[in-house]
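Enquirer: Protein chains in written order, with this note's numbering: chain C, 1 to 130; chain E, 131 to 396.
Built from N, CA and C at the ideal position, the CB exists for glycine as well.
Have a look at the structure that comes next, please.
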Amino acid sequence: MGTDQYHEPPEELPAATRTFARLCTSLTEEAEAIGWYEQRLALEPDRDARAIMRDAQGEEFKHFCMDLEFLLRRSPLWREIAEGILFQEGDIVEHGEEAEEEAVEGEAERGAPLSTGESLGIGGRGEGAQ
Amino acid sequence: MSHLLREHAPITEEGWSRLDDEARERVIPALAARKLVDFEGPRGWTHSATDLGRTENVADAPEGIEAATRGVLPLVEARASFAVARPELADADRGAEDIDLDELDAAAVRIATAENVAVFGGWSTAGITGIAEATTHDHIALGEDCERYPRHVAKAVDALRAAGIDGPYGMALGPEAHTNVLETSQHGGYPLLEHLREILGGPLVWAPGVEGAVVLSVGGGHFLFESGQDLSIGYASHDAQSVQLYLEESFSFRVATPEAAVALTP
Chain C
1 MGTDQYHEPP
11 EELPAATRTF
21 ARLCTSLTEE
31 AEAIGWYEQR
41 LALEPDRDAR
51 AIMRDAQGEE
61 FKHFCMDLEF
71 LLRRSPLWRE
81 IAEGILFQEG
91 DIVEHGEEAE
101 EEAVEGEAER
111 GAPLSTGESL
121 GIGGRGEGAQ
Chain E
131 MSHLLREHAP
141 ITEEGWSRLD
151 DEARERVIPA
161 LAARKLVDFE
171 GPRGWTHSAT
181 DLGRTENVAD
191 APEGIEAATR
201 GVLPLVEARA
211 SFAVARPELA
221 DADRGAEDID
231 LDELDAAAVR
241 IATAENVAVF
251 GGWSTAGITG
261 IAEATTHDHI
271 ALGEDCERYP
281 RHVAKAVDAL
291 RAAGIDGPYG
301 MALGPEAHTN
311 VLETSQHGGY
321 PLLEHLREIL
331 GGPLVWAPGV
341 EGAVVLSVGG
351 GHFLFESGQD
361 LSIGYASHDA
371 QSVQLYLEES
381 FSFRVATPEA
391 AVALTP
C-alpha cells in the first residue's frame, strides 16, 4: 500500500486531505470485501461456513458505513447530496440528479465555497510547526 | 457570483492564481493558532454564529410559560485591505516572476496576526476570550535567560499533567522568544529547539501577535476555532492605476477547557 493511496505528492497535501484520502481508500477496500463475500456466499454450500461469511460481511457493512459517515461529515456538499439519495424510495437516478442540483446551487447561494472554491483553501493546516 | 465579487475585478485567471498563491505562501507560516487548536469548518459566509448549547432564561415570559434564548457566539468578520498596481498584474500575465505584491504580503501577515491575537490573547469587543486570558493556571515568567526556557516549559507541562490534561502538548512562541530559541544551543551544542520539542511531545510554532509563549494541550477538544468563510481574497474597487482588494475571513473561537493551557509571559 505505502503511499499508493495518494494521487498527488503526499508531502504537499494538507494533513486533513491525507486523512480524507486514507478513509476514501478504506471505503473502497470495505466495498471490495463486501463484494467478495457476496460472491463466496453465492457459491458456498456449507451452512456453518456461510454463517461465518455472513457474519464477516456484516463487519464489512459496518466498516463501510463508518468510513462513509466520516467522509460525509468532512464534506458538507457530499453529505447534502447523499441526504437526497440515501434511504429514499423511488427513482435513484432522479433523486441523484435533483440532490446534486439542489446541493450545488444551495451551496453557491449560501456563499459557501465549493470544495475550496474562491477561498485560499487553508483550513486547519498544521504546516509550519517545528 | 459570491460576495467576494472577484468576477468584477480587472484581473485575469492567471492573475488571480498568482495572488491566491502569494497570499497562501505568506499567510500559512503566520497562522499559528490553527496549528495548535481544533479547526471546524469552513461553514460558509452566511454562517453567523457558533452554537454554544446553552440557554438563558427570558425573565418576562407570558404567565404560565417558561422561555429561554439559545446561547450563541457571533462570528467576527476580519478584513485586511491592500492594493495591487495594475501594471504589475499586466506583467504577471506576461510571465513576470518578480511582481510587487508587498501590500498583499503585509495584509497576509496582518490578518494572520489578528487571528493569533484573538485566539491567544483574546478580542473582548468581538466576544472572544483568548487562551492566555482563560487559563486557570498561574502565569510563568519566561525571563531573559533562554537557557532557562526548558525549565519553564517543563513546569508548564507539569502543571497541565497535574490538572489531568493529557498531551501531546504544543507551544505558541512569540517572535522574540522564537528567535531566542532558534539562536540558542545549550551546553554541549544541543539545540534548545530540540530540547523543548522533547519536553512538549508536540509542535512548537512561530506565533506573531503572541507576547511570550503559550503551552497548551493539542490533544483536541479544548480549544475550538470555527471558520465561517475561510481566508479569501475579494475585490473592492479599481481605477486606472490599481486594484483595491482585501483578505477576509469570518471565525469564532472559544475555550472549552481553561485548565488546558499555561501562559508564559515575556
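(1) Please state if the CB of E/S382 and the CB of E/W175 are separated by a distance shorter than 8 Å.
(2) Apply the 10 Å Cβ neighbour rule to C/D67 and answer buried if 16 or more other Cβ atoms are within range, or exposed otherwise.
(3) May I have the straight-line CA-CA distance separating C/F61 from C/D91, to the nearest angstrom?
(4) Hey, how far is the Cα of C/Q5 from the Cα of E/A370?
(5) In chain order, what residues of the same chain have a beta carbon less than 7 Å from the beta carbon of C/Y37, not counting five sequence neighbours either side?
(6) Take E/G304 as the anchor and find which of E/L323, E/W336, E/E324 has the nearest alpha-carbon.
(7) Under the assumption that E/E378 contacts E/E207 (Cβ atoms under 8 Å), give the Cβ distance between them as a whole number of angstroms.
(8) Spell out the partners DSSP gives E/Q374 in its beta bridges.
(9) Comparing the C-beta of C/M1 with each C-beta of chain E, is any distance below 8 Å?
(10) Across the segment 240–248 of chain E and the segment 266–283 of chain E, are there enough close Cβ pairs to call them in contact, namely three or more that are closer than 8 Å?
(11) Measure from the alpha carbon of E/Q359 to the alpha carbon of each residue in E/G145, E/H352, E/W146, E/H177, then state which is nearest.
(12) If you draw a straight line from the alpha carbon of E/I261 to that of E/A189, how long is it in whole angstroms?
(13) Measure the alpha-carbon distance for E/T142 versus E/T255 and round it to whole angstroms.
(14) Bridge partners for E/T187 per DSSP, in chain order?
(15) Measure the C-alpha to C-alpha separation of E/T314 and C/T17 and round it to an integer number of angstroms.
(16) What do you get for C/F87, buried or exposed, if any count of 16 or more other CB atoms within 10 angstroms of its CB means buried?
(17) Just to confirm the assignment, what range does the alpha helix (DSSP H) spanning C/F61 have?
(18) At the 8 Å Cβ level, is E/P172 part of the contact set with chain C, yes or no?
(19) Spell out whether any CB of chain C is found under 8 Å from the CB atom of E/L182.
(20) Within 8 Å (strictly less), CB to CB, does C/E141 reach chain E?
(21) Apply the 10 Å Cβ neighbour rule to E/G171 and answer buried if 16 or more other Cβ atoms are within range, or exposed otherwise.
(22) Under the rule that 16 or more other beta-carbon atoms within 10 Å means buried, what is E/A197, buried or exposed?
(23) Output, in chain order, the set of chain E residues within a Cβ distance shorter than 9 Å of C/L23.
(24) Since E/T185 and E/R164 should fall inside the 8 Å C-beta cutoff, what is the C-beta to C-beta distance between them, to a whole number of angstroms?
(25) Taking only beta carbons into account, state which residues of the segment 135–147 of chain E come closer than 8 Å to chain C, listed in chain order.
(26) Could you list which residues in chain C have their beta carbon closer than 9 Å to that of E/L375, in chain order?
(27) Taking Cβ-Cβ distances shorter than 8 Å, what residues in chain E pair up with C/S119?
Expert: By the coordinates alone:
(1) Stepping through the second sequence from its first residue, residue 175 of chain E is reached at position 45. Stepping through the second sequence from its first residue, residue 382 of chain E is reached at position 252. Going by C-beta atoms, E/W175 is not nearer than 8 Å to E/S382.
(2) Mapped onto the first sequence, residue 67 of chain C falls at position 67. The residue is buried, with at least 16 neighbouring Cβ atoms inside 10 Å.
(3) Counted from its first residue, the first sequence places residue 61 of chain C at position 61. Counted from its first residue, the first sequence places residue 91 of chain C at position 91. Going from the Cα of C/F61 to the Cα of C/D91 covers about 23 Å.
(4) Locating residue 5 of chain C in the first sequence gives position 5, where the first residue counts as 1. Locating residue 370 of chain E in the second sequence gives position 240, where the first residue counts as 1. Answer to the nearest angstrom: the Cα atoms are 49 Å apart.
(5) Translated into the one-based positions of the first sequence, residue 37 of chain C becomes position 37. Answer for C/Y37: M53, A56, Q57, E60, listed in chain order.
(6) As a working note, residue 304 of chain E is residue 174 in the second sequence. Nearest of E/L323, E/W336, E/E324 to E/G304, Cα basis: E/W336.
(7) For the purposes of this step, residue 378 of chain E is taken as the residue at position 248 of the second sequence. For the purposes of this step, residue 207 of chain E is taken as the residue at position 77 of the second sequence. With a Cβ gap of about 7 Å, E/E378 and E/E207 count as contacting.
(8) Residue mapping note: residue 374 of chain E aligns to position 244 of the second sequence, counting from 1. According to DSSP, which records beta bridges pairwise, E/Q374 is partnered with E/A213, E/S367.
(9) Your numbering for residue 1 of chain C matches position 1 in the first sequence. At C/M1 the pLDDT is 47, less than 50, meaning the model places this residue with poor confidence and gives no usable figure here.
(10) no
(11) Counting from one through the second sequence, the residue named residue 359 of chain E turns up at place 229. For the residues E/G145, E/H352, E/W146, E/H177, the minimum Cα distance to E/Q359 belongs to E/H177.
(12) As a first step, residue 261 of chain E is located in the second sequence; it is residue number 131 there, counting from the start. As a first step, residue 189 of chain E is located in the second sequence; it is residue number 59 there, counting from the start. For E/I261 and E/A189, the distance between alpha carbons rounds to 32 Å.
(13) Against the second sequence, residue 142 of chain E aligns to sequence position 12. Against the second sequence, residue 255 of chain E aligns to sequence position 125. Straight-line Cα distance between these residues: approximately 38 Å.
(14) As a position in the second sequence, residue 187 of chain E is number 57, starting the count at 1. The displayed chain sequence assigns Asn, not Thr, to residue 187 of chain E. Looking at the DSSP assignment, E/N187 forms a beta bridge with E/A198.
(15) The sequence position of residue 314 of chain E within the second sequence is 184, counting from 1. The sequence position of residue 17 of chain C within the first sequence is 17, counting from 1. Computed Cα separation, rounded: 35 Å.
(16) Counted from its first residue, the first sequence places residue 87 of chain C at position 87. So C/F87 ends up on the exposed side.
(17) The count along the first sequence starts at 1 and reaches residue 61 of chain C at position 61. C/F61 -> alpha helix (DSSP H) spans 47–74.
(18) For the purposes of this step, residue 172 of chain E is taken as residue 42 along the second sequence, with counting starting at 1. True, the Cβ-Cβ gap to chain C drops below 8 Å.
(19) As a working mapping, residue 182 of chain E is identified with position 52 in the second sequence. No - not a single Cβ of chain C is within 8 Å of the one on E/L182.
(20) The structure shown does not extend to residue 141 of chain C, since chain C spans only 1 to 130, so no value can be given for it.
(21) Residue numbering aside, residue 171 of chain E sits at position 41 when the second sequence is read from its first letter. E/G171 comes out buried.
(22) Position 67 of the second sequence holds residue 197 of chain E. That one is exposed.
(23) Taking the first sequence and counting its residues from 1, one reaches residue 23 of chain C at position 23. In chain order: nothing, as chain E lies at least about 18 Å away.
(24) Counting from one through the second sequence, the residue named residue 185 of chain E turns up at place 55. Counting from one through the second sequence, the residue named residue 164 of chain E turns up at place 34. Not confirmed; about 30 Å, so no contact.
(25) R136
(26) Numbered from 1 along the second sequence, position 245 holds the residue referred to as residue 375 of chain E. Result: empty, since nearest Cβ-Cβ is about 12 Å, beyond 9 Å.
(27) As a first step, residue 119 of chain C is located in the first sequence; it is residue number 119 there, counting from the start. Chain E residues near C/S119: P172, Q359, D360, L361, S362.
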